[in-house]
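Asks: The following block contains the structure, expressed as structure tokens.
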Amino acid sequence: MSSFSHLVRFESEEDGAVYFADLGPDADGPPSPGAKLSGAKTIEALAQKSEEDIVTVRRLLPPLPRDGLPIYCVGLNYRSHAKEATLDIPACPPLWTKPAAALAIPGEEIPVNDFCAKSLLDYEGELVFVTSKDAKNVSASEAKNYILGYTIGNDLSCRMYQLPRYSAGQFFFAKAFDKFAPIGPTLISPSIFGDGSAFDVVTRVNGDVRQTAEFSKDLIFSPEKILSHMSQGTLGCG
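At position 18 of the sequence shown the residue is numbered 18 (full-length UniProt numbering), and the sequence of numbers has no breaks.
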């Protein structure tokens, strides 16, 4: 069980080091740069309430246990998206990965090369879960014990590279460009997230709503089923 309610990871003004902080159960959005938080340099130290310091937020970071992690992605997991794309609902979650270089800091400017800028650049708001330990052959009923928490992300794509005539319909290259996976900034504990019925995702472009989805109603595969399916091969913590 996670020892936090709303976790953030950030770089401090005082020493430039990375800290974790729990915003508490009544958190109303992430902290702004300049906010002072009681932080620890590891999630374990934060849970034990040891080695905590009052530090100033320089910038928020993705709420992951460590850097250099690949990002596992699931395609076509919203019923509304499957209907919009006139695609059949698959029997198993379609999976691919994004490299560590695709991870972006929340609010960070994302570089877009000339080809992508002219070739169907797209976006999708996503539910993201972070695992707390390595997983292998985990059942769906056991999967909750491996989920550290939940956050949001944006799955950016250069759709032209997904078209069969360009790349045979593959997903990886179309979605693997630098900074094409902004994640965070707040990780919500499983005890607060529950079945997701109190949460939804809203994606806006220049203030216009382009996507809405209710997690408890719109997801085709639950996080537990996804984790179980992925863990047929070793799934690293993160």
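Note that CB positions come from ideal geometry on N, CA and C, so glycine has one too. Bear in mind the structure is a predicted one, so any value in this text is a computation, not a measurement.
List, from N- to C-terminal side, the alpha helix (DSSP H) runs of 4 residues or more that fit wholly inside the segment 93–130.
Replies: 114–117
Asks: Does the distance from the C-beta atom of ALA213 to that of SER80 stay below 7 Å?
Replies: Cβ distance < 7 Å, so ALA213 and SER80 count as in contact.
Asks: Which residue comes first and which comes last in the alpha helix (DSSP H) that contains ILE89?
Replies: No alpha helix (DSSP H) holds ILE89; DSSP gives it neither H nor E.
Asks: Applying the criterion that 16 or more other CB atoms from any shown protein chain within 10 Å of the CB defines a buried residue, is PHE180 buried or exposed?
Replies: The residue is buried, with at least 16 neighbouring Cβ atoms inside 10 Å.
Asks: Hey, GLY238 and PRO65: beta-carbon distance below 7 Å or not?
Replies: yes
Asks: How many Å lie between GLY194 and THR203 at the Cα?
Replies: 22 Å
Asks: Starting from TYR166, follow the alpha helix (DSSP H) in both directions and report where the run begins and ends.
Replies: 164–167
Asks: Identify, in the order they occur along the chain, each residue of the same chain with its Cβ nearer than 6 Å to the Cβ of ASP218, setting aside the five sequence neighbours on each side.
Replies: TYR78, ARG79 and SER80
Asks: For the segment 36–90, list the beta strand (DSSP E) runs that are entirely contained and at least 3 residues long, ordered along the chain.
Replies: Correct list: 36–39, 53–61 and 71–74.
Asks: Leaving out the 5 sequence neighbours to the left and right, which residues in its chain are closer than 8 Å to PRO94 when beta-carbon positions are compared?
Replies: VAL74, GLY75, LEU76 and PHE171, listed in sequence order.
Asks: So what's SER228 in DSSP terms, helix, strand or just coil?
Replies: In this structure, SER228 counts as helix in the three-state DSSP scheme.
Asks: Taking the alpha-carbon of ASP53 as reference, which of PRO25, ARG165 and ALA40 has the nearest alpha-carbon?
Replies: Checking every option, the nearest Cα to that of ASP53 belongs to ALA40.
Asks: How long is the line joining the alpha carbons of SER228 and ASP88, rounded to whole angstroms?
Replies: 22 Å
Asks: Evaluate the contact criterion for the segment 204–211 versus the segment 34–51: three or more CB pairs, one atom per stretch, below 8 Å.
Replies: no
Asks: Please report the distance separating the alpha-carbon of MET230 from that of LYS98.
Replies: MET230 and LYS98 have their C-alpha atoms some 15 Å from each other.
Asks: DSSP three-state call for ILE220: helix, strand or coil?
Replies: coil
Asks: According to DSSP, simplified to helix, strand and coil, what is PHE4?
Replies: coil
Asks: Excluding the 5 residues preceding and the 5 following GLY24 in the sequence, name in chain order all residues of the same chain whose CB lies nearer than 7 Å to its CB.
Replies: SER5 and HIS6
Asks: Going by the beta-carbon positions, is the gap between ALA101 and ASP178 smaller than 7 Å?
Replies: yes
Asks: When you compare the CB positions of PRO190 and VAL8, do they come within less than 7 Å of one another, or not?
Replies: Taking the C-beta atoms as reference points, VAL8 is found no nearer than 7 Å to PRO190.
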